[in-house]
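Trainee: Submitted below is the structure of interest, expressed as structure tokens.
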Amino acid sequence: MENENTDTGFATKTIHAGTNQVEGAVNTPIFQSSTYKLTEERYAGWAAGAQHTLLYARLSSVNSDSATEKICALEGAEDGLLFASGMAAISTTLLGLLSNGDHIVAAPDVYGGTYGLMAEELPRFGIGVSFADMTDPSSYEAAIEENTKLLYIETLSNPVLKIADIPAFVEIAKRHDLLLVIDNTFTTPWATKPLEMGCDLVIHSTTKYLGGHSDIIGGVVVGSAELISQLFIKKVHFGGAPDPHACYLLERGMKTLHARMPIHASNAHTLACRLSEHPLISSVNHPMMESDSQYELASKIMPNGTGMLAFTVLGGDDAASKFLSNLNLLFEATSLGGVESLVECPFNSSHMFVPEEVRIAAGIHPGFVRMSVGIEDVEDLWKDIEQALDSI
Ligand SMILES: Cc1ncc(COP(=O)(O)O)c(C=O)c1O
-19 MENENTDTGF
-9 ATKTIHAGTN
1 QVEGAVNTPI
11 FQSSTYKLTE
21 ERYAGWAAGA
31 QHTLLYARLS
41 SVNSDSATEK
51 ICALEGAEDG
61 LLFASGMAAI
71 STTLLGLLSN
81 GDHIVAAPDV
91 YGGTYGLMAE
101 ELPRFGIGVS
111 FADMTDPSSY
121 EAAIEENTKL
131 LYIETLSNPV
141 LKIADIPAFV
151 EIAKRHDLLL
161 VIDNTFTTPW
171 ATKPLEMGCD
181 LVIHSTTKYL
191 GGHSDIIGGV
201 VVGSAELISQ
211 LFIKKVHFGG
221 APDPHACYLL
231 ERGMKTLHAR
241 MPIHASNAHT
251 LACRLSEHPL
261 ISSVNHPMME
271 SDSQYELASK
281 IMPNGTGMLA
291 FTVLGGDDAA
301 SKFLSNLNLL
311 FEATSLGGVE
321 SLVECPFNSS
331 HMFVPEEVRI
341 AAGIHPGFVR
351 MSVGIEDVED
361 LWKDIEQALD
371 SI
């Protein structure tokens, strides 16, 4: 995929990279078409493998190409593929690269849907999965077997916000000749660029910060042209392609990524510091707080921070549920990364199907709350949080 924005800064890329200026339009128009007229040039593109040839929107579309080009510019990737959801990106990547008899190493505290795919679905296809500790790269190395093909990590794990020491994982993956796949949803390329650190593939649920407005479901995988061309045909076979309109909204949402992220991060830091002093809060997970045990690593891996935080309310899940229902401004809803603040208890939402003992071992204790801090006025957010805690 051609990227004309290699010499520009991050903000310029978020705004300009990938735009298809049809008729001089400053935004890529929505090409709501499932198929395209077959021309000599397109027949030739089809014969050559069809990637980046406008033939049929399950393969690619004008809008998916534009949004993909922008993400590639931001992540520093050669190429990428957009999907109808983050899970479609993850499942196509894993099922596309792995075969019966292969083995991978991942962590139990990855996103709940990813955990389900790994614990329940991959083994049905004869793909072995070992779970190790994302905060301890040597535990991944210890879990490597003769048939291991891939290591899977998240920059910042969901929901306990553990940071992966990416350079340490890169070193292990290279030494054992394994693919290193990372889900960068929670930090975005504004904070962390895993490909520059040596990862092979970066995945996002674009539903979250990249889209940024809680109005689409989408996913993406980016990396080298070679790996992406291998995955292109798997996307065609598995069929998880995105609709052009969702791609348009994603492209539009990404134009303000650089403007939104600093406010998400600063609001989250302020709330994390205040919550850590509140008598009803027993612990706060936010790696950008100097008191957090991961602060040093966070400054190395994601120096710009994140809008995510988590904390434990004294009184267990009952107290946490009351806190959530007392909120007026913050929405009790699953998902994250939108301009509005969202809050949930993973035990009854995003991680409901993860067995309780796995949740507890991962640090999702009774009373655990995950908060995606939006870009509202931080004092309004704090006022709402304080009153909701006071009325438990
Ligand atoms: C880190 C992470 N990866 C992947 C996904 C799955 O994305 P989607 O809901 O777009 O399928 C999620 C969803 O919450 C997530 O939080």
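Count the sequence shown with my numbering and you get residues -19 to 372, in order.
C-beta: ideal position from N, C-alpha, C; glycine also.
Spatial neighbours of A252 within its chain, please: C-beta separation below 7 Å, excluding the five flanking residues on both sides.
Mentor: V264, H266, M269, L289
Trainee: Output needed for C227: all residues of its chain with C-beta closer than 8 Å, excluding positions within five of it in sequence on either side, in chain order.
Mentor: S41, N43, S44, S46, A47, L62, G198
Trainee: Any heavy atom of ligand 1 closer than 7 Å to the CB of Y189?
Mentor: no
Trainee: In three-state DSSP terms, what is H83?
Mentor: strand
Trainee: Can you name, in chain order, every residue of its own chain whose Cβ lies under 6 Å from the Cβ of P346, other than the five neighbours on each side?
Mentor: G296, D297
Trainee: Do L74 and L102 have their CB atoms nearer than 8 Å?
Mentor: yes
Trainee: Going by beta-carbon coordinates alone, are G66 and S330 separated by less than 8 Å?
Mentor: Taking 8 Å as the cut-off, the Cβ atoms of G66 and S330 do not count as close.
Trainee: What separation, rounded to the nearest whole angstrom, lies between the Cα atoms of G233 and H217?
Mentor: 28 Å
Trainee: Beta-carbon within less than 6 Å of T314's beta-carbon, same chain only, minus the 5 sequence neighbours each way: which residues are those?
Mentor: Result list for T314: E324, S329, S330, in chain order.
Trainee: What are the boundary residues of the alpha helix (DSSP H) that includes V150?
Mentor: Per DSSP, V150 belongs to the alpha helix (DSSP H) from 146 to 155.
Trainee: What first and last residue would you give for the alpha helix (DSSP H) that runs through K302?
Mentor: 296 to 306
Trainee: Am I right that F303 and A248 are in contact with their C-beta atoms under 8 Å? What's the rounded C-beta distance?
Mentor: That pair is no contact at about 17 Å.
Trainee: Within the continuous alpha helix (DSSP H) that includes M234, where are the two ends?
Mentor: 224 to 234
Trainee: Measuring from the CB of G220, is there a heavy atom of ligand 1 at a distance below 7 Å?
Mentor: no
Trainee: Are there any heavy atoms of ligand 1 lying less than 7 Å away from the beta-carbon of F166, as far as the coordinates show?
Mentor: Yes, Cβ of F166 sits closer than 7 Å to a heavy atom of ligand 1.
Trainee: Tell me where the beta strand (DSSP E) around D59 begins and ends.
Mentor: 59 to 63
Trainee: Using a beta-carbon distance below 8 Å, is E206 in contact with chain D?
Mentor: Absent from the structure: chain D. Only one protein chain is present.
Trainee: Among residues of its own chain, excluding the 5 on either side of I107, which ones have a beta-carbon nearer than 6 Å to its beta-carbon?
Mentor: L78, D82
Trainee: What does a CB cutoff of less than 7 Å around G192 pick up in its chain, not counting 5 residues either side in sequence?
Mentor: When the five nearest sequence neighbours on each side are left out, the beta carbons in the same chain lying within less than 7 Å of the beta carbon of G192 are those of G233, T236, L237, R240, G317, G318, V319, in order along the chain.
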